[in-house]
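A quick write-up on the structure given underneath.
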Amino acid sequence: MTLKKINNPRIMLVNPPFYRFITFSYAYNPLGNRYIAAMLRKHEYETHVYNFDFPEKIDPKEPDWLDYHENYGEQYKQEMENLNHPIWKEIETTLRKVRPDILGVTSMTPQMNTGIMIARLAKSINPDCIVVFGGIHPTSLPYDTASYPEIDIVCVGEGELTMLHLVQTIERGGDLRDVQGIAFFDKNNQYCENERRALIADLDSIPYPIRDFPTQAEKEFMLHRGSILTSRGCPYSCTFCARKPIWGKSIRYRSAESVVQELEYMHHGLGIKNIMFEDDTLALRFQRMKELFDLMEKRNININYTIQTKVHVVKPELLELLKKTGCTNIAIGVETGSQYTLDRIKKKITLDQVRNAVKLCKEFDIMCNSFFIVGYPWETKEMVQETFDFMKEIDSSVVHLYMLIPLPGTELYEEAKRENRILAKDWFYYYFQNPNAMTRDHFDNRWLYDKYLEIKDYIHKTRREKIKQQSRNFKYIITKVKDNIDSPKRLWYMGKRFIKIQLNNF
Numbered sequence: 050m051t052l053k054k055i056n057n058p059r060i061m062l063v064n065p066p067f068y069r070f071i072t073f074s075y076a077y078n079p080l081g082n083r084y085i086a087a088m089l090r091k092h093e094y095e096t097h098v099y100n101f102d103f104p105e106k107i108d109p110k111e112p113d114w115l116d117y118h119e120n121y122g123e124q125y126k127q128e129m130e131n132l133n134h135p136i137w138k139e140i141e142t143t144l145r146k147v148r149p150d151i152l153g154v155t156s157m158t159p160q161m162n163t164g165i166m167i168a169r170l171a172k173s174i175n176p177d178c179i180v181v182f183g184g185i186h187p188t189s190l191p192y193d194t195a196s197y198p199e200i201d202i203v204c205v206g207e208g209e210l211t212m213l214h215l216v217q218t219i220e221r222g223g224d225l226r227d228v229q230g231i232a233f234f235d236k237n238n239q240y241c242e243n244e245r246r247a248l249i250a251d252l253d254s255i256p257y258p259i260r261d262f263p264t265q266a267e268k269e270f271m272l273h274r275g276s277i278l279t280s281r282g283c284p285y286s287c288t289f290c291a292r293k294p295i296w297g298k299s300i301r302y303r304s305a306e307s308v309v310q311e312l313e314y315m316h317h318g319l320g321i322k323n324i325m326f327e328d329d330t331l332a333l334r335f336q337r338m339k340e341l342f343d344l345m346e347k348r349n350i351n352i353n354y355t356i357q358t359k360v361h362v363v364k365p366e367l368l369e370l371l372k373k374t375g376c377t378n379i380a381i382g383v384e385t386g387s388q389y390t391l392d393r394i395k396k397k398i399t400l401d402q403v404r405n406a407v408k409l410c411k412e413f414d415i416m417c418n419s420f421f422i423v424g425y426p427w428e429t430k431e432m433v434q435e436t437f438d439f440m441k442e443i444d445s446s447v448v449h450l451y452m453l454i455p456l457p458g459t460e461l462y463e464e465a466k467r468e469n470r471i472l473a474k475d476w477f478y479y480y481f482q483n484p485n486a487m488t489r490d491h492f493d494n495r496w497l498y499d500k501y502l503e504i505k506d507y508i509h510k511t512r513r514e515k516i517k518q519q520s521r522n523f524k525y526i527i528t529k530v531k532d533n534i535d536s537p538k539r540l541w542y543m544g545k546r547f548i549k550i551q552l553n554n555f
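In this text, residue positions in the sequence shown follow this note's numbering: the first is 50, and each later residue adds one.
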């Protein structure tokens, strides 16, 4: 199949809005589009990147929770579907300004609705615009994604080389059947899914993700908290995780030299002092980490950083290295206080390993963020309470709680489909604050939601107390001032927030 030839195509890569419509102030930086943009720009294609889900205002407080209803979230969806909403006016203005020939949309499951609406807007502005969808959801369900009339092509798997080859093919008027890693319906309405492209073996060959941001708010936030990825893939098989369809189970590592060169650019070139290592498995290879941090020290890269890791690798020798090299925070996936559930979701950890990891973080004065999920289909009320009690017992620095959503691409999704558990009427409702995505065996969703809010209330109260105590620590204050000394705006914000904290107005 051949599409209309486009000379020097103008490309626009977007992350659709979602959290903005459900009123969550969630600032994040989708690296996938930025990696693809870097590859396209390296080959001299005009490429624009927009994160339409970046909040207008970053507010540390969560929004007021909705009352429970069997159509929970419907008012959010109605607001999202209103094309007169300021968010859509902003997106339409941007689309008219760029007027892309090729629109690339990355999409997690709940973003599919808004992604389709962006595609529709783009085609209303430029009927010849070619729309390509990629990311976790399209990779998990390529046929379903390609079936939308607004979508021309689905990018399946890693996007850098596939998008480059696709753009080059479109530019010369070539045949889409020659492009590995895509799916589409041809002119005879026959579904075509080309051979999957092999995973990129040499991650050092990929250009660093671009770090130019279209809005000042996004630029200030992202240059204050930079993200970096030093590897791809995870060897574990957690049944709720949707990343496997893109990156698989094998781990591919960048060289220490490549990582440190990017960190040099981020730290010395852009002035970023706080880094989030986005790897699922950064700490699995201790010697690699040691090599990496030794090289950082030689290059005078003095940063504060956060990692995420499995609890079984959290040991004194690891924490000694992390503390020495600037680690301020470790994120761990606990998921549940029930060992039965841990085993059933194939987490391959024990509750004692969690206890030990949190205890060690406290001994080394490193913050520990713990992540929990409630609402597994087999959970009993007693198991949910076990999770609540375990959360209180380990008393980690920060706690995050979500409700289980059976995401496409996961083992849990396939299980929920087989057992006819799915309640969500469309993809918009597959988000972690929605109690009604599926049915459970031992309690109804109203009970789950009430219990969820009870636990969230506890989390917020204890977090407020910890923030208040921390804000009065002189060492902590000095560290924060040093981190933000080059930004009067952030220092002013910190000062106002300090006063609010002392008055319990936060």
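Every residue gets a Cβ at the ideal spot worked out from N, C-alpha and C, and that includes glycine. Since this is a predicted model, take the numbers as computed values, not measurements.
Between which two residues does the alpha helix (DSSP H) harbouring residue i extend?
i           : result
residue 446 : Here residue 446 belongs to no alpha helix (DSSP H), and DSSP marks it neither H nor E.
residue 219 : 209-221
residue 202 : Premise fails: residue 202 lies in the beta strand (DSSP E), 202-204, not in any alpha helix (DSSP H).
residue 410 : 400-412
residue 389 : 388-393
residue 347 : 335-347
residue 364 : Element bounds for residue 364: n/a, residue is neither H nor E.
residue 249 : From DSSP, residue 249 is part of no alpha helix (DSSP H); its letter is neither H nor E.
residue 141 : 135-147
residue 187 : 185-189
In three-state terms, what does DSSP make of residue i?
i           : result
residue 355 : strand
residue 473 : coil
residue 92  : coil
residue 168 : helix
residue 558 : With the chain covering only 50 through 555, there is no way to say anything about residue 558.
residue 508 : helix
residue 180 : strand
residue 227 : helix
residue 77  : coil
residue 51  : strand
residue 84  : helix
residue 194 : helix
residue 499 : helix
residue 296 : helix
residue 59  : coil
residue 492 : coil
residue 119 : coil
residue 513 : helix
residue 518 : helix
residue 132 : coil
residue 432 : helix
residue 163 : helix
residue 314 : helix
From the DSSP secondary-structure annotation, give me the bridge partner or partners of residue i.
i           : result
residue 281 : 301
residue 100 : 64
residue 487 : 471
residue 323 : 274 and 353
residue 452 : 423
Taking residue i as part of the beta strand (DSSP E), name the residues at either end of that continuous run.
i           : result
residue 376 : 376-384
residue 422 : 416-423
residue 232 : 231-234
residue 240 : 240-242
State buried or exposed for residue i, treating a residue as buried only when at least 16 other CB atoms are found within 10 Å of its CB.
i           : result
residue 75  : exposed
residue 66  : buried
residue 276 : buried
residue 186 : buried
residue 53  : exposed
residue 320 : exposed
residue 50  : exposed
residue 312 : buried
residue 296 : buried
residue 299 : exposed
residue 182 : buried
residue 314 : exposed
residue 121 : buried
Please confirm whether residue i has its beta-carbon closer than 8 Å to some beta-carbon of chain E.
i           : result
residue 230 : In the structure shown, chain E cannot be found, because there is only a single protein chain.
Check your understanding: Okay, do the region 247-256 and the region 297-304 touch, 3+ Cβ pairs below 8 Å being the bar?
Key -> Inter-segment contact for the region 247-256 and the region 297-304 is present: three or more beta-carbon pairs are separated by less than 8 Å.
**Study point:** the region 144-156 contacting the region 165-172, beta-carbon criterion three pairs below 8 Å
**Key:** Yes, since at least three Cβ pairs between the region 144-156 and the region 165-172 fall closer than 8 Å, the two stretches touch.
Check your understanding: Is there contact between the region 396-406 and the region 344-354, where contact requires at least three CB pairs shorter than 8 Å?
Key -> By the Cβ rule, the region 396-406 does not count as touching the region 344-354, because fewer than three pairs are nearer than 8 Å.
Check your understanding: Does the region 227-240 come close enough to the region 56-65 to have 3 or more Cβ pairs within less than 8 Å?
Key -> The region 227-240 is not in contact with the region 56-65.
Check your understanding: Would the region 444-458 and the region 408-427 be scored as touching if the rule is three or more Cβ pairs under 8 Å?
Key -> Verdict: yes, contact present.
Review point. Are at least three pairs of beta-carbons, each pair with one atom in the region 359-373 and one in the region 333-341, less than 8 Å apart?
Key: Between the region 359-373 and the region 333-341, the count of Cβ pairs shorter than 8 Å is three or higher; the stretches touch.
Practice item. Assess, as a yes-or-no matter, whether the region 226-233 is touched by the region 201-210 under the definition of 3 or more beta carbon pairs within less than 8 Å. Key: Because the criterion of three Cβ pairs below 8 Å is met, the region 201-210 and the region 226-233 touch.
Point to revise | Inter-stretch contact at 8 Å, needing at least 3 Cβ pairs: the region 76-83 / the region 109-123 | key: A contact is defined here as three or more CB-CB pairs under 8 Å, and the region 76-83 fails this definition with respect to the region 109-123.
Check your understanding: Are the region 373-391 and the region 426-443 touching, with three or more C-beta to C-beta distances below 8 Å?
Key -> In short, these stretches touch, since the Cβ pair count reaches three.
Practice item. Count the CB pairs spanning the region 489-505 and the region 321-333 that are closer than 8 Å, and state whether there are at least three. Key: Two segments are said to touch when three or more pairs of C-beta atoms, one from each, lie closer than 8 Å; by this definition the region 489-505 does not touch the region 321-333.
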